[in-house]
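Asks:
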Amino acid sequence: MKLKGTQILLEVLKEENVDIIFGYPGGTVLDIYDQLYKSDLKHILVRHEQGAVHAADGYARATGKVGVCLVTSGPGATNTVTGIATANMDSIPLVVFTGQVPTGLIGNDAFQECDITGITRPCTKHNFLVRNIEELASTIKEAFHIARSGRPGPVLVDLPKDVMATQTDYDPANVKFRNYEVAYKPAPKKMAKVFDMLQAAKKPLIMTGGGVILGKASEELTHLSRKYQIPVTGTLMGLGSFPGSDGLWLGMLGMHGTYYANMAVSHCDFLLAVGVRFDDRVTGTIETFAANAKIVHIDIDPSSINKNVTVDLPIIGDTKATLKDLLRFLEEHHYAQDTVSRKTWLDEIDEWREKVPLTYCQNGEVIKPQYVIETLHKLTCGDALITTEVGQNQMWAAQFFQFDRPNSFISSGGLGTMGFGLPAAIGVKCAFPDKHVVDIAGDGSIQMNIQELATAAQYNIAVKIVLLNNGYLGMVRQWQELFYEKRYSHTDMTYAPDFVKLAEAFGIIGLRATKPSEVEAVLKQGLSVNKPVLMDFRVSREECVYPMVRPGESISQMTLGSREIIN
Amino acid sequence: MEKKAHVISILVHNKPDVLARIAGTLGGKGYNIDSLCVNTTTQNDISKIVMTTAGSQATVTRIENQLQRLVDVISVNDLTNVESIYREMVLVRLNLTAQNSEPVKKAIDMNKWKVIVSGDKYVIVEITGDKTQIDFSLARLEPLGITDITRTGLIALKLED
Ligand SMILES: Cc1ncc(C[n+]2csc(CCOP(=O)(O)OP(=O)(O)O)c2C)c(N)n1
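Protein chains in written order, with my numbering: chain A, 8 to 574; chain B, 3 to 163.
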């Protein structure tokens, strides 16, 4: 069958079970868009290419599938860079198609030419420039394969205009590409070592990360914890990989982790770290991190091992397969925890939990941001997919919304990209139209991709924005308060649009709450309609996120706001 | 931790920008490449890159792991701890003058350097050897009046598989 490049692209997308793409047209992709016009593939027209990538990213994080976007060359391509880097840091599978000038013009500084494969080399898992039509189909297939195999990540495919206009024979059965799948190798000796370490441990702890969600290993991890009564803490990216409502859950650890999670890490004598990379926001000073513990680190990526924290036993492998093996080994060898020492450990943790619970004080006439999130949790019964922006809003969402399911907390962890939450929510809602999808936002971040409200309005993608409006770049202000003697250099954002009117101008619903008594009613109303809604909560302006580990300190040293407790 | 020179041998798919990826990965993570040699193997679509870098064992392991992550990298081997042979080559041009002609010819004979081009006004000498041998020869050539040199990166081969 003779097909044009543009047709082959759409054929391969169909074979890859792509059901939606997020994109923005332009000169070099006109032919592809013309082909789309004749096809029934769903395309969401965003309002900025960064939004397209975040939307595809949100879609990928919520579904576990590969997210796809399509943009034009030059500025269209460069606009995707922040989105790609965001996905890369969090290992999210994406395929980003960029238009490129015709091959004959590459290198000539042609109109809207840019070396996008060069620009994105350090922030993609891999990228391709398709130089001729013969390699088009196999390259696209390979791109999808690379994006989702091993440690996932974004892959960019640059498509010169002339290649896409050329015809060639296309037979899906004949498309060959390289296979990178690394076969999982069981390691019985290592399992035996874990067994011994666990046997010797009096204070074991599990630390779960994004790799558990990406590896779809939540069930195994939960089973391991519950069966052997091992408490669990998690990184930001690990939220949802273990049920937040479970008594064994200690909440997030690290800079804004719970007191009891950070204390547990600092006092445990055995740490099973699964699918984490020991980011500096998590560890505090490396020397004191889990200083009393034997550390076992399970991760699919060898480059994560011993990168930041030196571990006692690295196990390189797929998180699901490895945990399955571990469970089987423990069972076959009749591992049973010493119930006495385990109870002592869990009691010790409970004492920390009682001493410094995760809390805030909602009194007076000013809305506390944490109260908004707790009420949101109550009203949705936790059954919602939450995206966040970056800053305090993100940390409060992580602390106060209990995540019971994997793929339900969707946030830019590694890069910390403001402007992520709204377009990501659009992508999530496209995947799960019947679920509540809520972007917990700050007033600074929301303005970074606010144009996507038009996208939500156009397709009636009923995302809900819970705007925790403090009139500040809150997280930066918090650092200025704590470390710069309240010199609020360029963080006051009181000059902002009227968000309710802005929502209305975009054709969506705008609501506002200025008093605690209005919070529940506004949330109820916002959640009840099948339309995009922006809810503007005027919250306490100078609320800080606590606990906080100051940069350069051990995670057992926490600032707790008014209740200063330093261990 | 002790810093020392490491020789890393990398097999890669011979793709257009594979070298840029490798150099970029190392440069971007703050590692330095001290010397580099690249060419195809007996298979045209597979190249071997031999690279030298300095660092502690931990740093070098990190470099190996970072390189392994690249899609076009087939294998990465640190040859420093296995028995291998090392070679570099240098081409040296010496301009001949009335004063240096005689000493140059003498030195060439004495050191058994290989002359690959010999003209009235210049000679070009080729020297192959390991790093010490080349450094040694260059030190001897220097006073004779080197006008230009090109030195390859180190290549290396394991003695046994
Ligand atoms: C694109 C981008 N620019 C700058 C920053 C640095 N930064 C981190 S948090 C923050 C403040 C966020 O303010 P806001 O969105 O209002 O949220 P809040 O902290 O008040 O909840 C800034 C500027 C960032 N993370 N991303």
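Think of the CB as a built atom: it goes at the ideal place given N, C-alpha and C, for glycine as much as any other residue.
1. Using C-beta distances below 6 Å, list every residue in its chain close to H55(A), excluding the 5 sequence neighbours before and after it, in chain order.
2. Distance, Cα to Cα, I148(B) vs V119(B)?
3. With DSSP collapsed to three states, give me the class of Q45(B).
4. I'd like to know whether the C-beta atoms of L143(B) and V94(B) end up nearer to each other than 8 Å.
5. Compare the beta carbon distance of M8(A) and Y177(A) with 8 Å and say whether it is the shorter of the two.
6. State yes or no: is the C-beta of V477(A) nearer than 7 Å to some heavy atom of ligand 1?
7. Just reading off the beta strand (DSSP E) that V73(A) is part of, what are its end residues?
8. First and last residue of the alpha helix (DSSP H) that includes L161(B)?
9. Tell me which residues share the same chain as I573(A) and place their Cβ nearer than 6 Å to its Cβ, disregarding the 5 neighbours each side in the sequence.
10. Examine chain A for any beta-carbon lying closer than 8 Å to the beta-carbon of A22(B), and answer yes or no.
11. Compare the C-beta of D97(A) with all C-beta atoms of chain B and state if any pair is closer than 8 Å.
12. With DSSP as the reference, please indicate the residues paired to F277(A) in a beta bridge.
13. Using a Cβ-Cβ cut-off of 8 Å, state whether I153(A) counts as contacting chain B.
14. Between which two residues does the alpha helix (DSSP H) holding T127(A) run?
15. I need the straight-line Cα distance from V84(B) to Q135(B), nearest angstrom please.
16. Can you tell me where the alpha helix (DSSP H) with D354(A) in it begins and where it stops?
17. Taking the alpha-carbon positions, what's the A150(A) to Y33(B) distance?
18. Using CA atoms only, rank isn't needed, just tell me which of P321(A), G83(A), A92(A), E23(A) is closest to G420(A).
19. Do W359(A) and K210(A) have their C-beta atoms within less than 8 Å of each other?
20. Where does the unbroken alpha helix (DSSP H) through M171(A) begin, and where does it stop?
21. What do you reckon, are the CB atoms on I48(B) and H8(B) nearer than 8 Å?
22. When you compare the CB of G30(B) with every CB in chain A, is at least one pair closer than 8 Å?
23. Which runs of the beta strand (DSSP E) at least 3 residues long sit entirely within the segment 437 to 505 of chain A? Give them in chain order.
24. Output yes if chain B places a C-beta closer than 8 Å to the C-beta of P100(A); else output no.
25. Going by DSSP, what residues sit across from A391(A) in a beta bridge?
26. Can you tell me which of the three DSSP states K17(B) falls into?
27. Give the straight-line distance between the Cα atoms of T146(A) and L20(A), rounded to the nearest whole angstrom.
28. For the segment 265 to 282 of chain A against the segment 439 to 450 of chain A, are there 3 or more C-beta pairs whose distance is under 8 Å?
29. Using CA atoms only, rank isn't needed, just tell me which of S452(A), V397(A), P376(A) is closest to P523(A).
30. Consider the Cβ of H304(A): report whether some Cβ of chain B lies at a distance smaller than 8 Å.
31. What first and last residue would you give for the beta strand (DSSP E) that runs through R545(A)?
32. If we ignore side chains and look at the alpha-carbon of each, how far apart do M204(A) and G254(A) end up?
Replies: Quick look at the numbers:
1. Excluding sequence neighbours, H55(A) sits near Q458.
2. One C-alpha to the other measures close to 15 Å.
3. If DSSP states are grouped into helix, strand and coil, Q45(B) belongs with coil.
4. It is a contact, given that the beta carbons lie within the stated cut-off.
5. Closer than 8 Å, so yes.
6. Residue identity differs from the one stated: residue 477(A) is Asn in this sequence, not Val. Indeed, a heavy atom of ligand 1 lies less than 7 Å from the Cβ.
7. Careful: V73(A) lies outside any beta strand (DSSP E) and carries neither H nor E.
8. Membership of L161(B) in any alpha helix (DSSP H) is not indicated, and neither H nor E is assigned to it by DSSP.
9. Residue confidence is low: I573(A) scores 46 on pLDDT, short of 50, so the model does not pin down where it sits. Its coordinate-derived value is still stated next. Only Q564 meet the Cβ criterion.
10. Yes, because at least one Cβ of chain A sits closer than 8 Å to the Cβ of A22(B).
11. Not a single C-beta of chain B is nearer than 8 Å to the C-beta of D97(A).
12. The partner list for F277(A) (beta bridge, DSSP) reads P211(A), K301(A).
13. Chain B contact via Cβ: present.
14. For T127(A), the enclosing alpha helix (DSSP H) begins and ends at 123 to 127.
15. Straight-line measurement puts the Cα of Q135(B) at about 21 Å from the Cα of V84(B).
16. If you look at D354(A), you'll find it in the alpha helix (DSSP H) that goes 346 to 362.
17. Rounded to the nearest angstrom, the two C-alpha atoms are 28 Å apart.
18. Of the candidates P321(A), G83(A), A92(A), E23(A), the residue whose Cα lies closest to the Cα of G420(A) is A92(A).
19. Judged by their CB atoms, W359(A) and K210(A) are not nearer to each other than the 8 Å cut-off.
20. That run of the alpha helix (DSSP H) goes 168 to 172.
21. In this structure, H8(B) does not lie closer than 8 Å to I48(B) by Cβ.
22. Proximity of G30(B) to chain A, defined by a Cβ-Cβ separation below 8 Å, is satisfied.
23. Counting whole runs of 3 or more residues, the segment 437 to 505 of chain A contains the beta strand (DSSP E) stretches 443 to 449, 471 to 476.
24. Answer no: the Cβ-Cβ gap between P100(A) and chain B never drops below 8 Å.
25. A391(A) pairs with H443(A).
26. DSSP places K17(B) in coil when its eight states are reduced to three.
27. Answer to the nearest angstrom: the Cα atoms are 12 Å apart.
28. These segments do not touch.
29. Among S452(A), V397(A), P376(A), the Cα nearest to that of P523(A) is on P376(A).
30. No, its Cβ sits nowhere closer than 8 Å to a Cβ of chain B.
31. Start and end: 540 to 545.
32. Approximately 24 Å, taken between the alpha carbons.
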